Amino acid sequence: MGIIFAPIGGLLIYASSQVEELIFDYSNCKDAPVGKDNAKDARANVRASFKTQSKGDTPYQWYKNDDVDVTLDNGVHINTTVCSLIFDIPNDIGAPVYLYYRLTNFYQNHRRYVKSLDLDQLKGVAVPNATIGTSTCDPLRLDPKGKAYYPCGLIANSVFNDTILEPRRIGGGNDGNQTYPMTNKGISWSSDKDLYKPTKYSYDQVSPPPNWIKRYPDGYTEKNPPPNVQEWEELQVWMRTAGLPTFSKLARRNDGDRMLAGSYQIDIQDSMFNLF
377 MGIIFAPIGG LLIYASSQVE ELIFDYSNCK DAPVGKDNAK DARANVRASF
427 KTQSKGDTPY QWYKNDDVDV TLDNGVHINT TVCSLIFDIP NDIGAPVYLY
477 YRLTNFYQNH RRYVKSLDLD QLKGVAVPNA TIGTSTCDPL RLDPKGKAYY
527 PCGLIANSVF NDTILEPRRI GGGNDGNQTY PMTNKGISWS SDKDLYKPTK
577 YSYDQVSPPP NWIKRYPDGY TEKNPPPNVQ EWEELQVWMR TAGLPTFSKL
627 ARRNDGDRML AGSYQIDIQD SMFNLF
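Using my numbering, the first residue of the sequence shown is number 377, and each one after it goes up by one.
Encoded structure:
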């Protein structure tokens with residue numbers, strides 16, 4: 377089973393043997409009401425197909441909270457909007473469960489975009505500034521001071537950066553507020569992971585891509601060095617460019633646990649196309 381999210385797309389849940397799915401479009405979460413007490417019916421944003429029908433009066437709702445202080449995985453604090461999606465799973469769904477995000481009208485297949493990377497950089501080579509300056513990473517090769525961007529190019533700069541938290545089962549009794557565990561490991565192709573190695577650049581040799589400014593507000597530092605792209609599977613998934621302007625990419629998975637029927641909430645730190 378899987379779940380799909382998209383800032384210009386939705387949330388999908390499906391079972392491999394007999395398709396069951398839920399697609400929740402949170403593109404316009406900026407228009408959702410503020411605060412859980414004001415959660416609004418969001419059925420117009422949902423498509424669902426399950427073995428049984430939801431019995432609740434409002435099986436799909438959403439709300440947001442603005443200017444929430446969140447801590448990124450590198451320890452940096454940012455203020456962002458958190459979009460909360462509430463949905464019913466009317467029957468148990470067996471593993472595996474996959475969570476995707478979906479984008480529409482995003483042309484990863486554009487000729488200029490698809491070439492905008494440096495494979496040697498991603499393999500860990502400390503490629504000299506002069507080489508990056510003439511590479512296919514155009515127009516994001518070097519920063520204004522002449523230091524190479526790492527990773528350089530348009531693809532890395534635009535990496536999907538909404539943070540989708542694990543589903544949380546909500547409601548009364550012993551079943552309430554139980555997290556359904558989903559991992560972001562094992563989401564990239566093993567053949568892709570072999571293409572990425574820890575960089576040999578020192579932190580002061582390179583600059584983060586422009587759209588990563590919130591994640592690296594002071595640039596790369598000893599305390600906040602360049603990421604280990606060999607372990608960053610979300611980036612690896614993004615770097616495998618899609619052939620069509622509407623596409624889905626795997627974000628999380630659970631290969632062993634049944635997802636029990638009930639009401640769930642997923643919180644999304646909504647940053648896509650804001651600065652990372």
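Where is the CB? At the ideal position from N, CA and C, for every residue including glycine. Given the structure is predicted, the values throughout are model-derived calculations rather than measurements.
> If you follow the beta strand (DSSP E) that Thr457 is part of, which residue opens it and which one closes it?
Replying inline: Residues His453 to Ile465.
>> Just to check my reading of the structure: Gly522 and Asn537 have Cβ atoms closer than 8 Å, yes? What is that Cβ distance to the nearest angstrom?
In response: Actually they are not in contact, since the Cβ atoms of Gly522 and Asn537 sit about 26 Å apart, beyond 8 Å.
> Considering only C-alpha positions, which residue in the set Pro585, Lys599 and Met558 is nearest to Gly632?
Replying inline: Ranking Pro585, Lys599 and Met558 by CA distance to the CA of Gly632 puts Met558 first.
> How would you write the range of the beta strand (DSSP E) that Tyr489 sits in, first residue to last?
Replying inline: If you look at Tyr489, you'll find it isn't in any beta strand (DSSP E); it sits in the alpha helix (DSSP H) that goes Arg487 to Val490.
> When you compare only the Cα positions, how much space is there between Thr512 and Asp468?
Replying inline: Rounded to whole angstroms, Thr512 to Asp468 spans 49 Å at the Cα level.
> Along the chain, which unbroken stretches of the beta strand (DSSP E) at least 3 residues long are found entirely within the stretch 417-450?
Replying inline: List check, beta strand (DSSP E) in window: 422-425 and 436-447.
>> Cutting at 6 Å between CB atoms, please list the residues of its own chain near Ile384, excluding the five before and the five after it.
In response: Confidence at Ile384 is low in this model, with a pLDDT of 41, below 50, so its placement is unreliable and the value that follows should be read with caution. Listed in chain order, the non-local C-beta contacts of Ile384 below 6 Å within the same chain comprise Ser403, Leu479 and Thr480, local neighbours out to five positions each way being set aside.
> Does DSSP put Asn630 in a helix, a strand or coil?
Replying inline: Residue state, collapsed to three classes: strand.
> Any Cβ of chain B within less than 8 Å of the Cβ of Leu571?
Replying inline: No chain B appears in this structure, which consists of one protein chain only.
> Beta-carbon separation of Ser639 and Tyr477 under 8 Å?
Replying inline: The answer is no: Cβ separation not under 8 Å.
>> Tell me which residues share the same chain as Val613 and place their Cβ nearer than 7 Å to its Cβ, disregarding the 5 neighbours each side in the sequence.
In response: Close CB contacts of Val613 within its chain, under the 7 Å cut and outside five residues either way in sequence, are with Ile563, Ser564, Lys625 and Leu626 (chain order).
> For the alpha helix (DSSP H) that contains Asp413, what are its first and last residues?
Replying inline: First-last for Asp413: undefined, no H or E at that position.
>> Can you tell me where the beta strand (DSSP E) holding Glu397 begins and where it ends?
In response: Annotation: the continuous beta strand (DSSP E) that includes Glu397 extends over Glu397 to Phe400.
> Just the Cα atoms here: how many angstroms apart are Asp646 and Val444?
Replying inline: Answer to the nearest angstrom: the Cα atoms are 11 Å apart.
>> On a Cα-Cα basis, can you pick out the residue from Ala532, Tyr474, Cys528 and Lys573 that is closest to Asn560?
In response: Of the candidates Ala532, Tyr474, Cys528 and Lys573, the one whose C-alpha sits nearest the C-alpha of Asn560 is Tyr474.
>> Which of the three DSSP states is assigned to Tyr577 in this structure?
In response: Coil, per DSSP.
> Can you tell me where the beta strand (DSSP E) with Gln645 in it begins and where it stops?
Replying inline: Its beta strand (DSSP E) spans residues Gly638 to Asp646.
>> If the criterion is Cβ atoms closer than 8 Å, does the pair Ala408 and Lys440 meet it?
In response: Judged by beta-carbon spacing, Lys440 lies within the 8 Å limit of Ala408, meaning their Cβ atoms are closer than that value.
>> In this structure, how does DSSP classify Pro504 when only helix, strand and coil are distinguished?
In response: In the structure shown, Pro504 sits in coil (DSSP, three-state: anything other than H, G, I, E or B).
>> So, for Asn533: in the same chain, excluding its five sequence neighbours on each side, which residues have a beta-carbon less than 7 Å away from its beta-carbon?
In response: Annotation for Asn533: Leu516, Pro585, Pro586 and Asn587 place their beta carbon closer than 7 Å to its own, counting only its chain and skipping 5 residues before and after.
> Given that a residue counts as buried once 16 or more other Cβ atoms are within 10 Å of its Cβ, and exposed if not, what is Leu651?
Replying inline: Interpretation of Leu651 is limited by its pLDDT of 43, a score under 50 that renders its predicted location unreliable; no figure is taken from the coordinates.
> For Pro532, which of helix, strand or coil comes out of DSSP?
Replying inline: The sequence shown places Ala at residue 532, rather than the Pro named in the question. When DSSP states are grouped into helix, strand and coil, Ala532 belongs to the helix group.
>> Could you check whether Asn600 and Ala472 sit closer than 8 Å to each other, using their CB atoms as the reference points?
In response: For clarity, residue 472 is Pro in the given sequence; the question names Ala instead. Between Pro472 and Asn600, the gap from beta carbon to beta carbon reaches 8 Å or more.
> Touch check for the stretch 591-607 and the stretch 574-583: three-plus C-beta pairs under 8 Å?
Replying inline: Output reads yes: the stretch 574-583 touches the stretch 591-607.
> Any idea which residues DSSP pairs Gly595 with across the strands?
Replying inline: Under DSSP, Gly595 shares a beta bridge with Pro593.
> Near Thr575, what residues of its chain come up, given a Cβ to Cβ distance below 6 Å and the 5 sequence neighbours on each side ignored?
Replying inline: Its chain contains Gly500 and Pro602 as the residues whose beta carbon lies nearer than 6 Å to that of Thr575, once the 5 sequence neighbours on both sides are disregarded; these appear in chain order.
> Whose C-beta lies closer than 7 Å to the C-beta of Val395 among residues of the same chain, with five residues either side of it excluded?
Replying inline: Closer than 7 Å at the Cβ level, and outside the excluded window around Val395, lie Ser425.
>> Suppose contacts are defined by Cβ-Cβ distances below 8 Å. Is Ile531 in contact with Leu518 by that definition?
In response: Taking the C-beta atoms as reference points, Leu518 is found no nearer than 8 Å to Ile531.
> Buried or exposed: Ile399, going by 16 or more other Cβ atoms within 10 Å of its Cβ?
Replying inline: Residue burial is scored here from C-beta neighbours: Ile399 has at least 16 other C-beta atoms within 10 angstroms and is therefore classed as buried.
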